[in-house]
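Notes follow once the structure below has been shown.
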Amino acid sequence: MFRSFSFSCLFLILASAGSAQVFNPRLAGTYRLLGANRVAITVSEAAQGATDLNGDGDILDSVLHIHDLMDGTTDNLGIAVTFCCVSPVDADRAMIVVSEMGQFSLDRNGDGDPFDEVAAILDLTTGVITNLQLAVSRVLVSDPYVVLLVSESHQGDLDLNNDADAVDDVCHLLDPISETVANLEVATGLFFRATGTRLYFDVDEAEQGGVDRNGDGDSLDQVLAVYDPGLVTITNLGLPMAAMVATTTHLAFDVPEAEHGADLNSDGDMDDNVLHLIEEGAGTPLNLTVPVPEFSFSLTDRYLGYKVVESDAGMDLNGDNDTLDNVLQIRSLANGTVWNSGVAGNTVSPHILGDNVLSSISESDQDGTDLNGDGDATDLILHRFDVLGQTRISIGLASATTGGAWSSDRLYAFSVVEADQGGTDLNGDGDILDQVIHVVQAEPLEIWNTAAIGSIFPFTIEENVLIFTSNESNNGQDLNGDGDTSDSVAQFFDTGTGLLTNTGIAGFGGAFIDGIFFLRASESQGNVDANGDGDMSDDAGYLVRPEGVGSVNLGTGPVASVLAVDGETGRVAVPLNTSFQISLDRPPAGPLSPRYLLWVWPGSSSNQVILSGGGATLGRLVNPTPFQTTQSPQPFRCVRGQGIPAVVCRDLAEVPGPAMAPWSLGNSGISRKVTFTLQALIEDGGAANASGFSVTNAVVADFK
């Protein structure tokens with residue numbers, strides 16, 4: 003497939019670990035999953051048997067390979083990279099960073115030296131690499147934007163932001179489709195968040211010519227700015243910020259008063275971090291006058307959740323007759339209504355799951371109340387606040403951590419401390435010394451005790467499957483069969499079946515895309531030569547596919563069993579620029595008048611290609627709620643069924659309801675290579691998921 007240094011190797015199936023398949027491409031390096039079918043592997047020459055993989059006469063490089071999950075072949079591109087990969091817009095292209103020194107010491111950005119790291123675009127179909135000729139210091143992604151920080155000193159000492167020096171990192175925007183880069187001419191810091199089409203970021207005053215952008219009399223701040231592609235302008239918002247979170251519709255950030263030189267919540271001091279909110283389209287920041295701890299607020303498409311510092315607000319918000327706590331509040335983004343939960347917690351962000359908010363709270367801060375019934379008031383207890391019902395419920399479990407992971411607006415994972423949970427043996431090992439992983443579904447409330455001792459981080463949840471690493475020494479078990487109990491071994495817990503699966507791999511986590519999880523494993527921990535180079539000193543990559551991830555039908559009610567493209571089901575090849583029909587073969591079993599949606603899934607979670615043809619658009623960007631499923635990646639385009647409000651799909655057209663099957667929806671053709679998964683969702687009160695919809699069998703269409 004690719005131009006140089008091409009070879010193939012069999013995709014070795016190592017084991018079927020319970021309900022998980024484990025694959026080993028036998029390459030030591032860093033793995034990056036690109037879409038449903040490709041894995042980019044940056045292979046270390048030194049670790050891969052001291053092999054010169056790019057033909058430059060040394061073994062000092064990391065060389066890019068592409069592995070095909072469909073046919074098991076691996077192609078060596080023969081190019082030394084320091085970064086791979088970003089593929090946010092086009093599933094067939096990725097952005098990489100090439101090492102000049104590693105790649106034959108060639109000057110790729112034209113500055114007269116071979117010491118830079120230079121951005122390029124890789125065509126994953128042809129293997130062609132387009133040199134962007136820009137020396138980058140960092141690559142950042144905030145969908146749909148790719149941000150390149152270009153180093154002036156490495157770009158031939160060019161002054162790229164017009165501040166009369168050449169020592170800055172200057173923001174550039176990459177369009178992977180046109181392979182063009184726009185210089186925004188501003189020196190930026192660390193924060194980039196996109197809301198819809200706008201990109202928000204912080205500008206470093208000191209690097210941006212020492213200009214005071216927030217009017218506080220100094221040039222020491224990181225000041226918020228916004229790029230509007232429609233106006234092709236950058237607007238200085240004039241506010242320093244400490245942290246920010248964003249959705250497609252809103253941006254929330256906190257402003258340190260001390261850096262801004264102003265009292266933003268009118269409490270007579272300038273010691274607080276005050277929460278601000280921006281709505282997409284409005285542009286003007288709204289000062290909520292709420293003092294919050296740093297990194298203590300969360301945002302969804304419906305709610306902003308945050309902790310209020312009582313001492314800074316000067317109010318007792320949880321009724322314990324002091325102002326010493328951090329108390330959870332929720333703000334409706336639809337109408338600005340604020341609800342005070344009365345729950346005093348720690349300073350870490352609350353976790354918003356649908357219309358519920360989970361937060362770990364301190365019993366001592368909550369008026370010394372024993373919330374888990376263990377006879378003391380010294381624990382951190384997980385709480386659930388029901389926004390719609392305005393009720394708060396103690397889940398009654400002592401949390402070891404304020405962090406966790408959640409998926410599909412549905413699940414939250416955390417560890418419970420046995421000693422704090424009334425000295426309860428939660429995993430049946432005869433002691434009360436452990437931290438045992440639990441999973442919570444907020445609505446309806448359901449709690450799973452995995453009986454596994456796992457690391458707090460990283461947690462990953464994909465659909466209904468939790469992935470974590472478990473420390474053998476804490477478990478007292480040899481989980482990977484190497485004769486010791488000193489490793490951390492990857493495990494899976496399926497909330498659908500309640501089953502715990504041991505992969506037998508001593509490793510730590512990476513990306514999870516389209517049902518496949520990457521594990522970076524230590525050969526020395528497992529006492530195995532995973533990449534076949536004759537030693538056991540490398541970090542090798544494994545790919546794991548848990549059962550239950552990517553399952554099609556999550557419902558129990560009416561299911562339309564056949565969705566087809568041009569009459570064919572399964573994986574269908576559709577020629578580019580030709581007309582085609584998407585059809586429902588027959589009505590579903592059961593009631594014939596449920597509401598109906600046709601979801602169009604991207605080929606990968608990063609594919610942003612709009613499904614369109616003949617001047618008509620089949621699907622548009624859509625807020626998944628309230629019609630969410632537990633599938634991944636979250637479906638974000640749809641065609642509206644009969645009876646579905648237009649706002650759901652932002653599309654005025656309707657397709658026939660399922661009772662009208664068989665029916666067909668035509669399109670005049672797709673003009674670019676792309677893969678889509680098409681599924682139908684049928685309203686079902688008995689569906690076994692939070693959305694209330696059953697899912698038909700899918701058809702995967704490759705337009706090529």
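The sequence shown begins at 3 in my numbering and counts up by one. Just so it is clear, CB atoms sit at the ideal spot from N, CA and C, and this is done for glycine as well. Note that the structure is a prediction, hence the values are computed from the model and not measured.
According to DSSP, is residue i helix, strand or coil?
| i | result |
| --- | --- |
| Ala49 | coil |
| Ser180 | coil |
| Asp63 | coil |
| Ala402 | coil |
| Gly114 | coil |
| Pro258 | strand |
| Lys706 | coil |
| Met103 | coil |
| Ala189 | strand |
| Gly528 | helix |
| Asn275 | strand |
| Ile612 | Low per-residue confidence applies at Ile612: pLDDT is 33, beneath 50, and the placement is therefore not dependable enough to give any value. |
| Met97 | strand |
| Asn504 | strand |
| Glu312 | helix |
| Asn579 | coil |
| Ser475 | helix |
| Ala661 | helix |
| His156 | coil |
| Leu490 | In the sequence as displayed, the identity of residue 490 is Ser instead of Leu. In this structure, Ser490 counts as strand in the three-state DSSP scheme. |
| Gln210 | coil |
| Ser268 | coil |
| Gly375 | coil |
| Glu570 | strand |
| Pro635 | Residue confidence for Pro635 is low, a pLDDT of 33 falling below 50, so the modelled location carries little weight; the figure read from the coordinates is stated next. In the structure shown, Pro635 sits in coil (DSSP, three-state: anything other than H, G, I, E or B). |
| Ile434 | coil |
| Asn238 | strand |
| Leu126 | coil |
Considering only C-alpha positions, which residue in the set the options is nearest to residue i?
| i | options | result |
| --- | --- | --- |
| Asp422 | Gln443, Asp378 and Gly432 | Asp378 |
| Ser155 | Asp145, Ala168 and Ser313 | Ala168 |
| Val442 | Ala661, Leu413 and Ser490 | Leu413 |
| Val45 | Asn26, Val24 and Ala82 | Ala82 |
| Met246 | Leu279, Ser366 and Asn238 | Leu279 |
| Glu296 | Asp256, Leu330, Gly283 and Asn289 | Asp256 |
| Met538 | Gly51, Arg34 and Val24 | Gly51 |
| Thr505 | Val88, Glu445 and Ser490 | Ser490 |
| Leu502 | Phe519, Asn476, Glu282 and Trp450 | Trp450 |
| Ile439 | Glu445, Phe117, Asn466 and Phe470 | Phe470 |
| Gly104 | Gly59, Asp63 and Pro258 | Asp63 |
| Glu282 | Leu481, Ala189, Tyr229 and Ala121 | Tyr229 |
| Ser472 | Gln437, Thr499, Asp496 and Tyr147 | Gln437 |
| Val152 | Val188, Gly263 and Val172 | Val172 |
| Glu448 | Glu261, Ile397, Gln135 and Ala254 | Ile397 |
| Asp159 | Leu136, Val148 and Tyr544 | Leu136 |
| Tyr202 | Ala254, Gly219, Asp218 and Gln583 | Ala254 |
Would you list the one or two residues that DSSP bridges to residue i?
| i | result |
| --- | --- |
| Met246 | Phe255 |
| Asp324 | Paired residues: none, contrary to the question. |
| Pro293 | Val276 |
| Leu226 | Asp204 |
| Ser364 | Leu382 |
| Gly347 | Asn328 and Ile363 |
| Leu707 | This structure does not reach residue 707, given that the chain is present from 3 up to 706, and the question cannot be answered. |
| Asp70 | Arg40 |
Assuming residue i and residue j are in contact, meaning their beta carbons sit under 8 angstroms apart, how far apart are those beta carbons, in whole angstroms?
| i | j | result |
| --- | --- | --- |
| Leu192 | His174 | Leu192 to His174, Cβ: 16 angstroms. No contact. |
| Gly80 | Val65 | 7 angstroms |
| Leu360 | Ile383 | About 11 angstroms separates the two Cβ atoms, so there is no contact after all. |
| Arg34 | Cys87 | 5 angstroms |
| Ala661 | Phe678 | In fact, because the Cβ distance is near 25 angstroms, the residues do not count as touching under 8 angstroms. |
Report yes or no: do three or more beta-carbon pairs, one from the segment 65-79 and one from the segment 109-119, lie closer than 8 angstroms?
no
Three or more C-beta pairs below 8 angstroms linking the segment 183-197 and the segment 239-257:
Contact between the segment 183-197 and the segment 239-257 is established, with three or more Cβ pairs separated by less than 8 angstroms.
Three or more C-beta pairs closer than 8 angstroms, one from the segment 269-279 and one from the segment 204-224: is that the case here?
no
Take every Cβ of the segment 525-543, pair it with every Cβ of the segment 566-580, and state whether three or more of those distances are shorter than 8 angstroms.
no
Stretch-stretch touch, CB-based, cutoff 8 angstroms, three pairs: the segment 335-349 with the segment 420-436:
The segment 335-349 is not in contact with the segment 420-436.
On the three-pair Cβ rule with 8 angstroms, is the segment 447-457 touching the segment 480-487?
no
Are three or more beta carbon pairs between the segment 386-397 and the segment 343-360 nearer than 8 angstroms?
At 8 angstroms Cβ cutoff, the stretches touch.
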